[in-house]
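Below is one structure, written out as structure tokens, with a few remarks after it.
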Amino acid sequence: DAGITQSPRYKITETGRQVTLMCHQTWSHSYMFWYRQDLGHGLRLIYYSAAADITDKGEVPDGYVVSRSKTENFPLTLESATRSQTSVYFCASSGLAGGETQYFGPGTRLLVL
Amino acid sequence: AQSVTQPDIHITVSEGASLELRCNYSYGATPYLFWYVQSPGQGLQLLLKYFSGDTLVQGIKGFEAEFKRSQSSFNLRKPSVHWSDAAEYFCAASTGTASKLTFGTGTRLQVTL
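One line per chain: the protein sequences are F and V, in this order.
According to my numbering, the stretch in the first sequence is residues 569 to 681, in order.
According to my numbering, the stretch in the second sequence is residues 3 to 115, in order.
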């Protein structure tokens, strides 16, 4: 199906483990984004990418790594998970800059024990 | 710093009553403005957006929003709320640079029957 998908939808891990969250979009959108959603904070931008092999930090990048070798994929890796990274993670994509609409995936709920 | 403020954390309205959700922004220039809705356990869906032109913007599901430059506001309205409108609503803004969105902290809408 066309659209933007995230996997896994739910993940439980332990402190110190590496975790990778996947994001895939079928629109060939140039821009892709990772947000985390926490109570009282709304959504905050972690990293974004303007195109394959071009990534940049957002508001809260510490502890996260991204890559974008293909236009359609934008994985987010927690190199050594911490309890403070327990959150709901949303991936989004948009076709252009200049205020173009972002389309969001269904989210990944991550619990770090 | 650029910011988006939603002063109401939680609002309860009766089905059939009118609704207004507040949003204020703090930007150097007028940003692109968005309203998203998030149903429980779901991703975010765009309700409407404002780029320029007519300050009253129509969206999906019977929602509208009015941009007021003098008040730095972009309030969301609906004349008659339905029980299915119960959700969390996010106001967001972008300067257009890489379409990075800054979100408000959200307003949770409860609808009583």
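Glycine included, C-beta positions come from ideal geometry on N, C-alpha and C.
All of these numbers come straight from a predicted model, not from anything done at the bench.
With distances taken between CB atoms, is the gap from residue i to residue j smaller than 9 Å?
i	j	result
V:T104	V:Q4	yes
V:E68	V:N77	yes
F:G673	V:F92	no
F:Y632	F:A618	no
V:L94	V:Y38	In the sequence on display, residue 94 of chain V carries Ala and not Leu. Taking 9 Å as the Cβ cut-off, V:A94 and V:Y38 qualify as a contacting pair.
F:W595	F:C659	no
F:T645	F:R636	no
F:Q593	F:F642	yes
V:K135	V:L21	Because chain V is modelled from 3 through 115, residue 135 of chain V falls outside the range shown and cannot be assessed.
Any idea if residue i is buried or exposed, counting beta-carbon neighbours within 10 angstroms, 16 or more meaning buried?
i	result
F:R604	buried
V:D138	Nothing can be reported for residue 138 of chain V: it is not among the residues displayed for chain V, which extend from 3 to 115.
F:S652	exposed
F:Y578	exposed
F:G655	A quick correction: the sequence has Ser, not Gly, at residue 655 of chain F. With 16 or more other Cβ atoms within 10 Å, it is buried.
Just curious, the beta strand (DSSP E) that residue i is in, first and last residue?
i	result
V:Q47	46–52
F:D606	599–606
F:F642	Taken as a continuous stretch (DSSP letters only), F:F642 belongs to no beta strand (DSSP E), as it is neither H nor E.
F:H592	587–593
F:K625	622–625
F:Y632	632–634
V:E17	V:E17 -> no beta strand (DSSP E), and no H or E assigned at all.
V:C2	Coverage of chain V is limited to positions 3 through 115, which leaves residue 2 of chain V absent and any answer about it impossible.
| said: Taking beta-carbon pairs under 7 Å, can you tell me which members of the stretch 656–681 of chain F lie near chain V? | reply: F658, S662, A665, G666, G667, E668, T669, Q670, F672, G673, P674, G675
| query | When Cβ atoms are compared, which residues of the stretch 630–658 of chain F fall closer than 9 Å to chain V? | reply | F658
| field | Selection of the stretch 586–613 of chain F by Cβ proximity to chain V, strictly under 7 Å | value | Y599, G608, H609, G610, L611, L613
| request: Give the residues from the stretch 613–626 of chain F that approach chain V closer than 8 Å (Cβ to any Cβ), ordered along the chain. | output: Correct list: L613, Y616, A618, D624, G626.
| Residues of the stretch 37–64 of chain V with Cβ closer than 7 Å to any Cβ of chain F, in chain order | Q44, G45, L46, L48, K51, F53
| 3 or more residues per run - each beta strand (DSSP E) lying fully within the stretch 29–109 of chain V | 34–40, 46–52, 58–60, 66–70, 75–80, 89–96
| If contact means a Cβ-Cβ distance below 7 Å, which residues of the stretch 8–39 of chain V contact chain F? | Y34
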